[in-house]
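A.B. asks: There's a structure below that I have some questions on.
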Amino acid sequence: MNTNLDKNGLTEDEFLALYKTKNYQKPSLTVDIIVIRDNSLLLIKRGNHPFINTWALPGGFSNFIESVEESAKRELKEETNLDSDNLTLVGVYSSPGRDKRGWVVSTAFSFL
173 MNTNLDKNGL TEDEFLALYK TKNYQKPSLT VDIIVIRDNS LLLIKRGNHP
223 FINTWALPGG FSNFIESVEE SAKRELKEET NLDSDNLTLV GVYSSPGRDK
273 RGWVVSTAFS FL
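Every letter in the sequence shown is one number past the one before it in our numbering, and letter 68, counting from 1, is 240.
Encoded structure:
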């Protein structure tokens, strides 16, 4: 139990009792994996909206119980049948309005 007081004079337990998650918007987390083999970029054809039938990087939504690294490994296996313990973080993309589905934060990894 943390008994330190914050700037409002609350202990951690008191703060958490008052904390309302509904006061904060929550993004959806997605992962994208850049796969390069023999100087070629691996793309998949989207089967769902938005952007159905267009080319995309392998990837998808993170599950609530996964880290983004675990999500990337799972999506890579599901969509390409490739296994990887060697993913490298490329970047995080979170610009508002970048996705028609709402606030989506994408974490990109490379698998070379």
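Using N, Cα and C, we set each Cβ at its ideal position, and we do this for glycine too.
Using the rule of at least 16 other Cβ atoms within 10 Å of the residue's Cβ for burial, across every protein chain shown, is D210 buried or exposed?
C.D. replies: Position 38 of the sequence shown, counting from 1, holds the residue named residue 210. D210 comes out exposed.
A.B. asks: Quick one, are the C-beta atoms of V277 and S243 less than 9 Å apart?
C.D. replies: Locating residue 277 in the sequence shown gives position 105, counting from the first residue. Locating residue 243 in the sequence shown gives position 71, counting from the first residue. No, Cβ-Cβ distance for V277 and S243 is not below 9 Å.
A.B. asks: Within its chain, find whatever has a CB closer than 6 Å to the CB of L259; leave out the 5 residues flanking it on each side and keep chain order.
C.D. replies: Position 87 of the sequence shown, counted from the start, is the residue given in the question as residue 259. Same-chain partners within the cutoff: A244, F281 and F283.
A.B. asks: For the stretch 267-276 against the stretch 246-254, do three or more pairs of beta-carbon atoms, one drawn from each stretch, fall closer than 8 Å, so that the two count as touching?
C.D. replies: The stretch 267-276 vs the stretch 246-254: no contact.
A.B. asks: Only counting runs of 3 or more residues, tell me where the beta strand (DSSP E) segments fall wholly within the stretch 179-217, in order along the chain.
C.D. replies: Entirely contained in the stretch 179-217, the beta strand (DSSP E) runs reaching 3 residues are, in chain order, 200-209.
A.B. asks: Please confirm whether L215 and A228 have their CB atoms less than 9 Å apart.
C.D. replies: As a position in the sequence shown, residue 215 is number 43, starting the count at 1. As a position in the sequence shown, residue 228 is number 56, starting the count at 1. Going by C-beta atoms, L215 is nearer than 9 Å to A228.
A.B. asks: Using 9 Å as the threshold, is the C-beta distance between L298 and T279 below it?
C.D. replies: Given a span of 173 to 284 for the chain in the structure shown, any question on residue 298 remains unanswerable.
A.B. asks: DSSP three-state call for L248: helix, strand or coil?
C.D. replies: The residue you call residue 248 lines up with position 76 of the sequence shown. Helix at L248.
A.B. asks: Within 10 angstroms of the Cβ of G232, are there 16 or more other Cβ atoms? Answer buried if so, exposed if not.
C.D. replies: By 1-based counting over the sequence shown, the position of residue 232 is 60. Per the 10 Å Cβ criterion, buried.
A.B. asks: So, for V240: in the same chain, excluding its five sequence neighbours on each side, which residues have a beta-carbon less than 7 Å away from its beta-carbon?
C.D. replies: Residue numbering aside, residue 240 sits at position 68 when the sequence shown is read from its first letter. Taken in chain order, the residues that qualify are L201, V203, S234 and T279.
A.B. asks: Looking only at DSSP bridge pairs, what is V322 linked to?
C.D. replies: Absent from the model: residue 322. The displayed extent of the chain is 173 to 284, so no value can be given.
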